[in-house]
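Engineer: First residue of the sequence shown? That's 303 in our numbering, and the numbers climb one at a time after it. Backbone N, C-alpha and C fix where the C-beta goes; we use that ideal spot for every residue, glycine too. Let me give you the structure first, and then I'll get to my questions.
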Amino acid sequence: MKHPAGQAGGAGPAPDVVRALFPSDRMDEVERYGELLATDGVVRGLIGPREVPRLWERHVVNCALLATALPRDAGIADIGSGAGLPGLVVALARPDLRVTLVEPLLRRTTFLEEAVAALGLDNVVVRRDRADALHGRETFDVVTARAVAPLERLLGWCMPLVTPHGALVAMKGDSAEDEIAAARPELERLGCAEPVIEVIAAPPSDPLPPAATDSEVVPQTRVVRVTWGDPARVSLPTSGGRGSSRASQSRSSRRKRSGS
Numbered sequence: 303m304k305h306p307a308g309q310a311g312g313a314g315p316a317p318d319v320v321r322a323l324f325p326s327d328r329m330d331e332v333e334r335y336g337e338l339l340a341t342d343g344v345v346r347g348l349i350g351p352r353e354v355p356r357l358w359e360r361h362v363v364n365c366a367l368l369a370t371a372l373p374r375d376a377g378i379a380d381i382g383s384g385a386g387l388p389g390l391v392v393a394l395a396r397p398d399l400r401v402t403l404v405e406p407l408l409r410r411t412t413f414l415e416e417a418v419a420a421l422g423l424d425n426v427v428v429r430r431d432r433a434d435a436l437h438g439r440e441t442f443d444v445v446t447a448r449a450v451a452p453l454e455r456l457l458g459w460c461m462p463l464v465t466p467h468g469a470l471v472a473m474k475g476d477s478a479e480d481e482i483a484a485a486r487p488e489l490e491r492l493g494c495a496e497p498v499i500e501v502i503a504a505p506p507s508d509p510l511p512p513a514a515t516d517s518e519v520v521p522q523t524r525v526v527r528v529t530w531g532d533p534a535r536v537s538l539p540t541s542g543g544r545g546s547s548r549a550s551q552s553r554s555s556r557r558k559r560s561g562s
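So this is what it looks like as structure tokens:
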């Protein structure tokens with residue numbers, strides 16, 4: 303993927319907190335992805351130009367923190383992946399995970415496919431699909447989403463993709479409590495357990511100054527984790543497996559590429 307002209311400077315070097323959240327042997331790829339976001343990502347309208355100066359802290363660190371809360375060797379679906387946030391970041395931070403990036407828009411899936419190839423990621427598959435198009439075809443240990451929709455709508459799209467013992471882990475900010483309250487009828491209709499709000503903080507790379515507060519020094523992200531109320535009563539179609547069917551993923555990758 304070539305960097306377009308007029309985008310000099312890019313993301314700049316990754317700060318120490320980024321290096322603390324990724325395997326050392328993935329840092330070249332992490333910095334390359336940051337540069338792709340700051341150049342191609344801006345030109346293609348996937349992130350705004352004003353986001354570039356805070357790209358590492360606001361976007362990459364935010365998503366890498368989510369990766370620390372995911373189980374080992376799991377199949378992950380990132381719904382509405384956009385520029386790969388959080389899905390590509392999760393795949394970079396956690397080579398043990400199998401990550402499927404689900405995105406319906408052609409210009410975004412084109413960027414994602416090019417980024418996966420440029421970064422040499424063999425644990426990522428890109429699917430040009432809506433989430434509900436996968437209902438009854440595949441399930442995943444964890445389904446993630448960031449800035450896609452309010453929880454009330456997200457539940458209907460994502461929970462049919464969650465295995466009986468899996469979870470929806472949605473990235474939410476200060477709106478988490480209000481969104482849970484608004485989603486109560488849908489949570490009950492689907493048979494979900496009480497959602498749990500988790501605050502995930504990055505370990506400080508250096509001892510904190512005595513007068514500093516955690517919120518000033520340590521990056522944090524908030525997620526809402528939703529599981530099934532009674533896994534034994536969950537009835538999900540099994541034709542698609544658990545998010546690791548390479549045959550079905552390959553077939554989807556060859557689907558028509560018209561539209562945007």
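#1: So Val501 and Gln522 are in contact, right, with Cβ under 8 Å, and what is the actual spacing, rounded?
#2: For Leu367 and Ala504, which I take to be in contact (beta-carbon distance under 8 Å), what is that distance rounded to the nearest angstrom?
#3: According to DSSP, is Arg429 helix, strand or coil?
#4: Check whether the region 448-460 touches the region 473-491, taking contact to mean three or more Cβ pairs, one atom from each stretch, closer than 8 Å.
#5: Would a C-beta distance cut-off of 8 Å place Ile349 and Ala433 closer than the cut-off?
#6: Just confirm the distance between the C-beta atoms of Ala316 and Trp358, as a whole number of angstroms; I'd bet it's less than 8 Å.
#7: Quick one: is Glu405 buried, meaning 16 or more other Cβ sit within 10 Å of its Cβ, or exposed?
#8: Is the Cβ-Cβ distance between Gly377 and Asp443 less than 8 Å?
#9: Suppose only complete runs of 4+ residues qualify. What are the alpha helix (DSSP H) ranges in the region 410-464, listed by chain order?
#10: Counting C-beta neighbours from all protein chains within 10 Å, is the total for Pro388 16 or more, i.e. buried, or is it exposed?
#11: Taking only the alpha-carbon atoms, compute the straight-line gap between Arg409 and Ser383 and give it to the nearest angstrom.
#12: Skipping 5 residues on each side, what residues in its chain have a beta carbon closer than 7 Å to that of Val418?
#13: At 3 residues or longer, and completely inside the region 384-409: list those beta strand (DSSP E) runs for me, N to C.
#14: According to DSSP, is Leu470 helix, strand or coil?
#15: For Gly314, which of helix, strand or coil comes out of DSSP?
#16: Compute the Euclidean distance between the alpha carbons of Lys474 and Ala451, then round it to the nearest angstrom.
#17: When the Cα atoms are used, what is the spatial distance from Ala534 to Val401?
#18: Does the Cβ of Ser560 have 16 or more other Cβ atoms within 10 Å, making it buried, or fewer, making it exposed?
#19: Are the beta-carbon atoms of Val525 and Ala472 separated by less than 8 Å?
#20: Report the option in Pro373, Val344, Val320, Leu463 whose CA atom is closest to the CA atom of Gly438.
#21: Return the chain-ordered list of same chain residues with a C-beta closer than 6 Å to the C-beta of Asp398, the five sequence neighbours on each side being excluded.
#22: Would you decide whether His467 is buried or exposed? Buried here means 16 or more other CB atoms lie within 10 Å of its CB.
#23: Under the DSSP definition of a beta bridge, which residues are partnered with Asp380?
Structural biologist: Here's the rundown:
#1: Right, their Cβ atoms sit about 6 Å apart.
#2: Correct: roughly 6 Å between the Cβ atoms.
#3: Looking at Arg429 - three-state DSSP - the assignment turns out to be strand.
#4: Enough Cβ pairs lie closer than 8 Å, so yes.
#5: Here Ile349 is not near Ala433, since their CB atoms are 8 Å or more apart.
#6: Confirmed, about 6 Å.
#7: Counting Cβ neighbours within 10 Å, Glu405 comes out buried, since at least 16 surround it.
#8: Asp443 sits close to Gly377, with the two beta carbons spaced by under 8 Å.
#9: Unbroken alpha helix (DSSP H) stretches of 4 residues or longer found wholly inside the region 410-464: 453-460, given in chain order.
#10: So Pro388 ends up on the buried side.
#11: Their backbone Cα atoms lie some 12 Å apart in a straight line.
#12: Cβ within range, chain order: Val426, Val428.
#13: Within the region 384-409, the complete beta strand (DSSP E) runs of at least 3 residues are 400-404.
#14: Correct three-state label for Leu470: strand.
#15: In the structure shown, Gly314 adopts coil according to DSSP, grouped into three states.
#16: One alpha carbon belongs to Lys474, the other to Ala451, and they sit about 10 Å apart.
#17: About 26 Å.
#18: Here Ser560 scores only 43 on pLDDT, less than 50, and its place in the model is too uncertain to base an answer on.
#19: It is a contact, given that the beta carbons lie within the stated cut-off.
#20: When the alpha-carbon of Gly438 is set against those of Pro373, Val344, Val320, Leu463, the nearest one is in Leu463.
#21: Once the five neighbours on either side are set aside, the close Cβ partners of Asp398 are Arg374, Asp375.
#22: Exposure of His467 is indicated by the presence of fewer than 16 other C-beta atoms within 10 angstroms of its C-beta.
#23: Bridge partners of Asp380: Leu403, Thr446.
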